[in-house]
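Protein chains in written order, with the working numbering: chain A, 1 to 277; chain B, 1 to 307. Read the structure below first, then the notes.
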Amino acid sequence: MTAMSETLERAGGDDIPRDERTGDVALTAWQVAYEQRAFWRNRTRAFFSFGMPVMLLLLFGALNSGGKIQELGNIPYVTFFLPGILAYGIVITQFVNMAGGIAIQRDNGLLKRMRGTPLPGWAYVSGRLGSTALVSVVMTVVMLIIGWVGFDVHLRAAAVPAVVVTVLLGAATFAALGLAAVMIIPNAEAAPVVANVLILPLSFISGIWYPLTGAPEWLVDVAKFFPLEHLANALHIAFDPLNHGSAWSGNDLFVLAIWLLVGTRLAMRFWQREMAR
Amino acid sequence: MQSVIEIDGLRKVYGEVEAVRDISFSVAAGEVFCLLGPNGAGKTTTTEILEGYRARSAGEVRVLGHDPEDGERALRERVGIVLQEAAAQAELTVAEVLTMYGRYYPRRRPAGELIELVGLAGKESQRVKLLSGGQRRRLDLALALVGDPDLLFLDEPTTGFDPSARRQAWSTIKDLCALGKTVFLTTHFMDEAQALADRVAVMVDGRIVALGTPAEIGGRDTAPTEIAFALPAHVALSDLPALDGAEVSETAPLRVHVITREGLRSAHELTGWALERGVELRGFAVSQPSLEDVYLRLTENQEATSR
Numbered sequence: 001m002t003a004m005s006e007t008l009e010r011a012g013g014d015d016i017p018r019d020e021r022t023g024d025v026a027l028t029a030w031q032v033a034y035e036q037r038a039f040w041r042n043r044t045r046a047f048f049s050f051g052m053p054v055m056l057l058l059l060f061g062a063l064n065s066g067g068k069i070q071e072l073g074n075i076p077y078v079t080f081f082l083p084g085i086l087a088y089g090i091v092i093t094q095f096v097n098m099a100g101g102i103a104i105q106r107d108n109g110l111l112k113r114m115r116g117t118p119l120p121g122w123a124y125v126s127g128r129l130g131s132t133a134l135v136s137v138v139m140t141v142v143m144l145i146i147g148w149v150g151f152d153v154h155l156r157a158a159a160v161p162a163v164v165v166t167v168l169l170g171a172a173t174f175a176a177l178g179l180a181a182v183m184i185i186p187n188a189e190a191a192p193v194v195a196n197v198l199i200l201p202l203s204f205i206s207g208i209w210y211p212l213t214g215a216p217e218w219l220v221d222v223a224k225f226f227p228l229e230h231l232a233n234a235l236h237i238a239f240d241p242l243n244h245g246s247a248w249s250g251n252d253l254f255v256l257a258i259w260l261l262v263g264t265r266l267a268m269r270f271w272q273r274e275m276a277r
Numbered sequence: 001m002q003s004v005i006e007i008d009g010l011r012k013v014y015g016e017v018e019a020v021r022d023i024s025f026s027v028a029a030g031e032v033f034c035l036l037g038p039n040g041a042g043k044t045t046t047t048e049i050l051e052g053y054r055a056r057s058a059g060e061v062r063v064l065g066h067d068p069e070d071g072e073r074a075l076r077e078r079v080g081i082v083l084q085e086a087a088a089q090a091e092l093t094v095a096e097v098l099t100m101y102g103r104y105y106p107r108r109r110p111a112g113e114l115i116e117l118v119g120l121a122g123k124e125s126q127r128v129k130l131l132s133g134g135q136r137r138r139l140d141l142a143l144a145l146v147g148d149p150d151l152l153f154l155d156e157p158t159t160g161f162d163p164s165a166r167r168q169a170w171s172t173i174k175d176l177c178a179l180g181k182t183v184f185l186t187t188h189f190m191d192e193a194q195a196l197a198d199r200v201a202v203m204v205d206g207r208i209v210a211l212g213t214p215a216e217i218g219g220r221d222t223a224p225t226e227i228a229f230a231l232p233a234h235v236a237l238s239d240l241p242a243l244d245g246a247e248v249s250e251t252a253p254l255r256v257h258v259i260t261r262e263g264l265r266s267a268h269e270l271t272g273w274a275l276e277r278g279v280e281l282r283g284f285a286v287s288q289p290s291l292e293d294v295y296l297r298l299t300e301n302q303e304a305t306s307r
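Pasting the structure below:
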């Protein structure tokens, strides 16, 4: 018998750790931790889904440092741009990164490998969701700090709850839609293309880069059908220095919630096809 | 002995195509069972039904007492799977991946020990994406062993290996069996089945056409013996002694091929005759049909009848 099998034999004896099952909460927390580690180590992906929106904020903020937006009551451009690019960043992280990442894992067999382990499918998906949500939260905080320190954009304390709820609801909605989108992504190479074809034009008509005040009505109607405009608008309202009070945008949150339900329903189909046992 | 895998009347139909057509067998605890067959014979479909990846169309399947289709966690905790091709978390290190997967199992082996086992020592802190193809296959095996499984599925484990890596993998698998693990192996390499399996099932076109130990499968043990040699130029075929119940033929000029039911007697008569006459019989070889001969005969027959 070789040295290897002696090691195995020894390990197979009494001293092998016969632990209990790891609890569900701990298992999910560990998944989030490993996903986080993997996310930040992949520099390209971390830059694309975290670094780029932050960089765009710095760039557009610096380029338009003295600019005002007349249509919105002469507020500084960066005060308008920060909530918009935050919405855009959330979509990149939650939707593009989620859909692309999972499509790759579907194609390279990682999802299949995971299904062969005792890890419950929900724990795997929760790990992914938790990890990307964390990225969005970190991005929100970083953008708020940059806005505060670099561009004198101040979020009113009364509007903080509205921002927190909007960011989390938006993150959940786009994560669900991202999972659902995996089904229409034919292969991993097509993922960035599909995501960009959907997201980039949508961002232009959703008031991310410029206010929609001069846009034709039918285009605004198209934009208002999709969730991005509502996420951006809810954040715009919360950040608008001309608003008072808590600045909730119930209408936009309602539309986001509907998209969340639709996304979840579609994501369940992804689940049944790829993760359910 | 207790059965680890039991299959009775298993069928799998994809639309019009019958990939698996009514197969039945069982695998005992501690056995290395090999499913051997050409590509497209239904080996992977059968294996994936046993692993719980696919639903069957008909028949009974039990794996460690469970129905794999139910996907119970209790079953997956006792099974290790090496897939033909599947990525692991590319950005994590070898040690991290093994620790991470270890948390999924109630009974787990420490990462350091597994790294030692599969020969990845020194690669602990290497990212998975930087491993070579062979190192990834070793990591696959380590990941399949992390939960200390009772049953191990190996789907074509050495495809793409160089000869020395194959030998190494075989010795690892043999060591696993020595510890009483049950191994379910698929391969299209005859020598792999010969080297590892306690029992071999030959699968062709969705059916099991032969099942037995590598030594006796397809009537190998009772098949006629073959004797081959070369005659010197001055000796003719007709000079050879008469051999009872043997079929003597000249496959090429001066190359003689004898098929006989009485191998020992025929060999004795031939060598006795040659020594007496001082005739040199070059390349004198006595053999039973190889597993490959049997396999080729079985698969050809099957293909002929299904046409």
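Ideal placement from N, C-alpha and C gives every residue a C-beta, glycine not left out.
So, is Trp-218 (chain A) buried or exposed, given that buried needs 16 or more other C-beta atoms within 10 angstroms? Counting from 1 along the first sequence, the entry for residue 218 (chain A) is found at position 218. Around the beta-carbon of Trp-218 (chain A), fewer than 16 other beta-carbon atoms lie within 10 Å, marking it exposed.
Nonlocal neighbours in the same chain, by C-beta distance under 8 Å from Thr-271 (chain B), ignoring five residues either side: Position 271 of the second sequence, counted from the first residue, corresponds to residue 271 (chain B). Within the same chain, Leu-281 and Phe-284 come within 8 Å of Thr-271 (chain B) by CB-CB distance, once the 5 residues on both sides are set aside.
How would you label Asp-244 (chain B), buried or exposed, when you count the other beta carbons within 10 angstroms and need 16 or more for buried? In the second sequence, the residue the question calls residue 244 (chain B) occupies position 244. Label assigned to Asp-244 (chain B): exposed.
Per the DSSP calculation, Cys-177 (chain B) is bridged to which residue(s)? By one-based count along the second sequence, residue 177 (chain B) stands at place 177. DSSP output for Cys-177 (chain B) lists no bridge partner at all.
Exposed or buried, which one is Ile-102 (chain A) when buried takes at least 16 other CB atoms within 10 Å? Within the first sequence, numbered from 1, the residue matching residue 102 (chain A) stands at position 102. Its Cβ being crowded by 16 or more others within 10 Å, Ile-102 (chain A) is buried.
Express the C-alpha separation of Ala-257 (chain A) and Lys-68 (chain A) in angstroms, rounding to a whole number. The count along the first sequence starts at 1 and reaches residue 68 (chain A) at position 68. The count along the first sequence starts at 1 and reaches residue 257 (chain A) at position 257. Whole-angstrom Cα-Cα distance: 33 Å.
Should Ala-88 (chain B) go down as buried or exposed, given a rule of 16 or more other Cβ atoms within 10 Å for buried? Start at 1 with the first residue of the second sequence, and residue 88 (chain B) comes out as number 88. That one is buried.
Can you give me the C-alpha to C-alpha distance between Leu-253 (chain A) and Leu-56 (chain A), rounded to a whole angstrom? Residue 253 (chain A) sits at position 253 when you count from the first residue of the first sequence. Residue 56 (chain A) sits at position 56 when you count from the first residue of the first sequence. Note on geometry: alpha-carbon atoms of Leu-253 (chain A) and Leu-56 (chain A) lie some 26 Å from one another.
Tell me which residues share the same chain as Gly-30 (chain B) and place their Cβ nearer than 8 Å to its Cβ, disregarding the 5 neighbours each side in the sequence. Here residue 30 (chain B) corresponds to residue number 30 of the second sequence, with the count starting at 1. Hits under 8 Å: Met-1, Cys-177, Gly-180, Lys-181 and Thr-182.
Using 8 Å as the threshold, is the region 213-227 of chain B in touch with the region 293-302 of chain B, meaning 3 or more CB pairs across them? The answer is yes - the region 293-302 of chain B touches the region 213-227 of chain B, with three or more Cβ pairs under 8 Å.
Thinking C-alpha only, which one of B:Thr-99, B:Arg-166, B:His-268 and B:Leu-231 is nearest Ala-111 (chain B)? Numbered from its first residue, the second sequence carries residue 111 (chain B) at position 111. Among B:Thr-99, B:Arg-166, B:His-268 and B:Leu-231, the Cα nearest to that of Ala-111 (chain B) belongs to B:Thr-99.
Since Ala-169 (chain B) meets chain A, which of its residues come closer than 9 Å, beta carbon to beta carbon? On the second sequence, position 169 is the one that residue 169 (chain B) refers to. Here the premise fails: no neighbours, minimum Cβ distance about 12 Å.
Check whether Ala-246 (chain B) and Thr-260 (chain B) have beta carbons under 8 Å apart: Counting from 1 along the second sequence, the entry for residue 246 (chain B) is found at position 246. Counting from 1 along the second sequence, the entry for residue 260 (chain B) is found at position 260. Yes, the Cβ-Cβ distance between Ala-246 (chain B) and Thr-260 (chain B) is below 8 Å.
Partner residues on chain A for Arg-103 (chain B), Cβ-Cβ distance less than 7 Å: Translated into positions along the second sequence, residue 103 (chain B) becomes position 103. Residues of chain A passing the Cβ test: Thr-22, Leu-27 and Trp-30.
Reference Phe-184 (chain B); option with closest CA among B:Phe-33, B:Arg-21, B:Lys-12 and B:Ala-95: By 1-based counting over the second sequence, the position of residue 184 (chain B) is 184. Per the Cα distances, B:Phe-33.
Members of the region 91-112 of chain A that neighbour chain B once the beta carbon cut-off is set at 8 Å: Answer set for the region 91-112 of chain A: Gln-105, Asn-108, Gly-109, Leu-110 and Lys-112.
Establish whether the CB of Gly-116 (chain A) and some CB of chain B are separated by less than 8 Å. Here residue 116 (chain A) corresponds to residue number 116 of the first sequence, with the count starting at 1. Yes, its Cβ sits closer than 8 Å to a Cβ of chain B.
Bounding residues of the alpha helix (DSSP H) (the contiguous stretch that carries Ile-115 (chain B)): Here residue 115 (chain B) corresponds to residue number 115 of the second sequence, with the count starting at 1. For Ile-115 (chain B), the enclosing alpha helix (DSSP H) covers residues 111-118.
Pairwise C-alpha distance: Leu-298 (chain B) and Gly-278 (chain B): Within the second sequence, residue 278 (chain B) is the residue found at index 278, counting from 1. Within the second sequence, residue 298 (chain B) is the residue found at index 298, counting from 1. Whole-angstrom Cα-Cα distance: 41 Å.
Which two residues bound the contiguous alpha helix (DSSP H) that contains Leu-151 (chain B)? Position 151 of the second sequence holds residue 151 (chain B). If you look at Leu-151 (chain B), you'll find it isn't in any alpha helix (DSSP H); it sits in the beta strand (DSSP E) that goes 151-155.
Can you list, in chain order, the residues of its chain with a C-beta nearer than 7 Å to that of Phe-270 (chain A)? Leave out the 5 residues immediately preceding and following it. For the purposes of this step, residue 270 (chain A) is taken as residue 270 along the first sequence, with counting starting at 1. Excluding its 5 nearest sequence neighbours in each direction, Phe-270 (chain A) has C-beta neighbours in its own chain below 7 Å: Leu-179, Ala-180, Val-182 and Met-183, listed in chain order.
May I have the straight-line CA-CA distance separating Leu-144 (chain A) from Asn-97 (chain A), to the nearest angstrom? The residue you call residue 144 (chain A) lines up with position 144 of the first sequence. The residue you call residue 97 (chain A) lines up with position 97 of the first sequence. Between the alpha carbons of Leu-144 (chain A) and Asn-97 (chain A) lies a distance of about 22 Å.
Going by CA-CA distance only, name the one from A:Leu-82, A:Gly-127, A:Ile-237 and A:Ala-188 that's closest to Phe-344 (chain A). Because chain A here runs from 1 to 277, residue 344 (chain A) falls outside it and cannot be looked at.
Which word fits Gly-131 (chain A), buried or exposed, when buried means at least 16 other C-beta atoms lie within 10 angstroms of its C-beta? Here residue 131 (chain A) is taken as the residue at index 131 of the first sequence, counted from 1. Just to set this straight, residue 131 (chain A) is Ser in the shown sequence, not Gly. With at least 16 other beta carbons inside 10 angstroms of its own, Ser-131 (chain A) counts as buried.
If you follow the alpha helix (DSSP H) that His-257 (chain B) is part of, which residue opens it and which one closes it? Taking the second sequence and counting its residues from 1, the one referred to as residue 257 (chain B) is at position 257. No alpha helix (DSSP H) contains His-257 (chain B), which is instead part of the beta strand (DSSP E) from 255-260.
Looking at the unbroken beta strand (DSSP E) that takes in Ala-58 (chain B), where does it start and where does it end? Within the second sequence, residue 58 (chain B) is the residue found at index 58, counting from 1. Residues 58-63.
Pair within 8 Å by beta-carbon distance, Val-135 (chain A) and Ala-238 (chain A): Residue mapping note: residue 135 (chain A) aligns to position 135 of the first sequence, counting from 1. Residue mapping note: residue 238 (chain A) aligns to position 238 of the first sequence, counting from 1. No, the Cβ-Cβ distance between Val-135 (chain A) and Ala-238 (chain A) is not below 8 Å.
Less than 8 Å separating the beta-carbons of Asp-148 (chain B) and Arg-109 (chain B)? Here residue 148 (chain B) refers to the residue found at position 148 of the second sequence. Here residue 109 (chain B) refers to the residue found at position 109 of the second sequence. Cβ distance < 8 Å, so Asp-148 (chain B) and Arg-109 (chain B) count as in contact.
I want to know whether the region 58-67 of chain B touches the region 4-22 of chain B - three or more CB-CB distances under 8 Å. Two segments are said to touch when three or more pairs of C-beta atoms, one from each, lie closer than 8 Å; by this definition the region 58-67 of chain B touches the region 4-22 of chain B.
Where the region 191-207 of chain B meets chain A: residues whose CB sits under 7 Å from a CB there: Residues of the region 191-207 of chain B with a C-beta less than 7 Å from any C-beta of chain A: none at all.
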